[in-house]
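Colleague: Take this structure, written in structure tokens, and hold onto it; I'll ask about it next.
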Amino acid sequence: MIVTAKELFEQAYGKYALGAYNINNAEQTMGLFQGCLDSKAPFIIQISSGARKYTNKLMLEGMIRAADQIFPDAIFAVHLDHGDEQTCYDCIDSGFYSSVMIDASHESFEENIAATKRVADRAHAKGISVEAELGQLGGVEEHVSVSEDQAHLTDPAQAADFIKRSGCDSLACAIGTSHGAFKFSGSQGLHFEIVKAIQELVPGFPLVLHGSSSVPQEEVERINAAGGALKGAKGVDVTQYLPAALLGVCKINIDTDGRLVWTRVHREFFRDQPDKFDFRPVGKIFMEEYAKFIASRNVLLGSAGQLETVRAALKK
Ligand code: G3H
Ligand code: 13P
Ligand code: ZN
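The sequence shown begins at 638 in this note's numbering and counts up one residue at a time.
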């Protein structure tokens, strides 16, 4: 069942965070749904602009509709990840997405508010939730590249002003994470004081953490042992997920970790069986491994076991 991100946040706020997982293909989609049902967790499917172009945006839609039928107990939001204004409108008009992210964080403060407000007005008229971003994470997104020294942490007073004027339903804030597999060169410093300060100014408002993959060292070691070359890859400490959730972070974005699971499974499979070329046996292993990974993340986020509570609340 597709619901809005806002409906999920109302249930989760201050207790747990929804896992927001990106999908690009059928195997990821199957693994994601299976993992969320195995762990009895509501979740958010994220579709990036890159994903929409990879095969075809209609292919993603078709896969998600099919997964909804294959797994009728699933409760999830369909969310555009890091959209520009035009892509947001395309998703809003499609009638399929229940949530969009307008990422105008690279624009001036005033233009970010103006773009978010335009999108929020159009999205809300159709009952669709809107995520915005203030501050800049390090790393690479499809349309923006921000180096670590250019990345700006979110200013709490600006965030409160932004939330009041832009009409967004949730806000992604930069607290020291970054996209990709190389998040920290030294020790990690997540700035939870920013989350706390925003909550004091705007109590009850759902916040979002991007760049939250944990880059499991075991995955990195296995990838490297099977021919990979990921030196110095490092991610967010998973023990930080729940404390963030208790402070009002309702959505935690995890994409890179899924790519690492894919890479480990495929590298090991073809290293150990160089005579094989049927992609289905390895695809099956990936779906199972990805489902296990997703279930493990939902446990850490606190969303595991919440599915029936959410279903009951949605019926009221
Ligand atoms: O924030 C970026 C997400 O991990 C999506 O990545 O733009 O390569 O699909 P992508
Ligand atoms: P990771 O690169 O840490 O998985 O972050 C994903 C993300 O923020 C998607 O918007
Ligand atoms: Zn992101």
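C-beta atoms are modelled at their ideal positions from N, C-alpha and C, and glycine is treated no differently.
For the stretch 789 to 796 and the stretch 858 to 871, state whether three or more C-beta atom pairs, one from each stretch, are separated by less than 8 Å.
Modeller: No contact exists between the stretch 789 to 796 and the stretch 858 to 871.
Colleague: In this structure, how does DSSP classify residue 957 when only helix, strand and coil are distinguished?
Modeller: Outside the shown range of the chain (638 to 953) lies residue 957, about which nothing can therefore be said.
Colleague: Can you tell me whether residue 890 sits near the ligand ZN, meaning its C-beta is under 7 Å from at least one heavy atom of the ligand?
Modeller: Along the sequence shown, one-based indexing puts residue 890 at 253. Checking the Cβ of residue 890 against the ligand ZN gives yes.
Colleague: As a quick exercise: from 739, 691, 816, pick the residue whose alpha carbon is nearest that of residue 751.
Modeller: By one-based count along the sequence shown, residue 751 stands at place 114. Here the closest residue by C-alpha is 739.
Colleague: Counting only the same chain and skipping the five closest in sequence on each side, list residues whose C-beta sits under 7 Å from that of residue 695.
Modeller: If you number the sequence shown from 1, residue 695 lands on position 58. There are no such residues.
Colleague: Below 8 Å on the Cβ atoms is my contact criterion, and I expect residue 926 with residue 897 to pass it. Report the Cβ-Cβ distance as a whole number of Å.
Modeller: Position 289 of the sequence shown, counting from 1, holds the residue named residue 926. Position 260 of the sequence shown, counting from 1, holds the residue named residue 897. A Cβ-Cβ distance of about 11 Å is found for the pair residue 926 and residue 897, leaving them out of contact under the 8 Å criterion.
Colleague: Comparing C-alpha positions only, which one of 858, 882, 894 sits nearest to residue 848?
Modeller: What you label residue 848 is simply residue 211 of the sequence shown in a count that begins at 1. Selected option, being the one with the closest Cα: 894.
Colleague: So is residue 876 buried or exposed if we call it buried at 16+ other beta carbons inside 10 Å?
Modeller: Position 239 of the sequence shown holds residue 876. With fewer than 16 other Cβ atoms within 10 Å, it is exposed.
Colleague: With DSSP run on the structure shown, which of helix, strand or coil describes residue 779?
Modeller: Here residue 779 refers to the residue found at position 142 when the sequence shown is read from its first residue. At residue 779 the pLDDT is 48, less than 50, meaning the model places this residue with poor confidence; the figure from the coordinates comes in the next sentence. Coil.
Colleague: So who's on the other strand from residue 676, going by DSSP bridges?
Modeller: On the sequence shown, residue 676 is found 39 positions in, with the first residue counted as 1. As DSSP reads the structure, residue 676 sits in no beta bridge.
Colleague: Among the residues of its own chain, which have a CB less than 8 Å from the CB of residue 789, if the five just before and after it don't count?
Modeller: For the purposes of this step, residue 789 is taken as the residue at position 152 of the sequence shown. The residues are 772, 773, 811.
Colleague: Would you tell me roughly how many angstroms separate the C-alpha atoms of residue 864 and residue 886, rounded to the nearest one?
Modeller: Along the sequence shown, read from residue 1 onward, the residue named residue 864 stands at position 227. Along the sequence shown, read from residue 1 onward, the residue named residue 886 stands at position 249. Approximately 37 Å between the Cα atoms of the pair.
Colleague: Kindly indicate the opening and closing residues of the beta strand (DSSP E) around residue 937.
Modeller: The count along the sequence shown starts at 1 and reaches residue 937 at position 300. Where residue 937 is concerned, there is no enclosing beta strand (DSSP E), although the alpha helix (DSSP H) it sits in stretches over 916 to 938.
Colleague: For residue 888, does the count of other Cβ atoms within 10 angstroms reach 16, so buried, or fall short, so exposed?
Modeller: To locate residue 888, count along the sequence shown from 1; it is residue 251. Its Cβ being crowded by 16 or more others within 10 Å, residue 888 is buried.
Colleague: Indicate whether residue 806 and residue 744 have their beta-carbon atoms separated by less than 8 Å.
Modeller: Within the sequence shown, the letter at position 169 stands for residue 806. Within the sequence shown, the letter at position 107 stands for residue 744. Against a cut-off of 8 Å, the Cβ pair of residue 744 and residue 806 comes out as no contact.
Colleague: Report the three-state DSSP secondary structure of residue 948 (helix, strand or coil).
Modeller: Indexing the sequence shown from 1 puts residue 948 at position 311. Helix, per DSSP.
Colleague: Taking the alpha-carbon positions, what's the residue 824 to residue 949 distance?
Modeller: Mapped onto the sequence shown, residue 824 falls at position 187. Mapped onto the sequence shown, residue 949 falls at position 312. For residue 824 and residue 949, the distance between alpha carbons rounds to 42 Å.
Colleague: Just how far apart, CA to CA, sit residue 923 and residue 658?
Modeller: Counting from 1 along the sequence shown, the entry for residue 923 is found at position 286. Counting from 1 along the sequence shown, the entry for residue 658 is found at position 21. Taking the straight line joining both Cα atoms gives about 16 Å.
Colleague: Going by DSSP, what residue range makes up the alpha helix (DSSP H) through residue 827?
Modeller: Translated into the one-based positions of the sequence shown, residue 827 becomes position 190. Here residue 827 belongs to no alpha helix (DSSP H), and DSSP marks it neither H nor E.
Colleague: Below 6 Å CB to CB, which residues in the same chain sit around residue 779 once its five sequence neighbours on both sides are set aside?
Modeller: Stepping through the sequence shown from its first residue, residue 779 is reached at position 142. Residue placement at residue 779 is poorly supported in this model, since its pLDDT is 48, which falls under 50; the coordinates still yield a value, given next. Excluding sequence neighbours, residue 779 sits near 686, 687.
Colleague: Would you report the Cα separation of residue 952 and residue 800, rounded to the nearest angstrom?
Modeller: Taking the first residue of the sequence shown as position 1, residue 952 is located at position 315. Taking the first residue of the sequence shown as position 1, residue 800 is located at position 163. One C-alpha to the other measures close to 29 Å.
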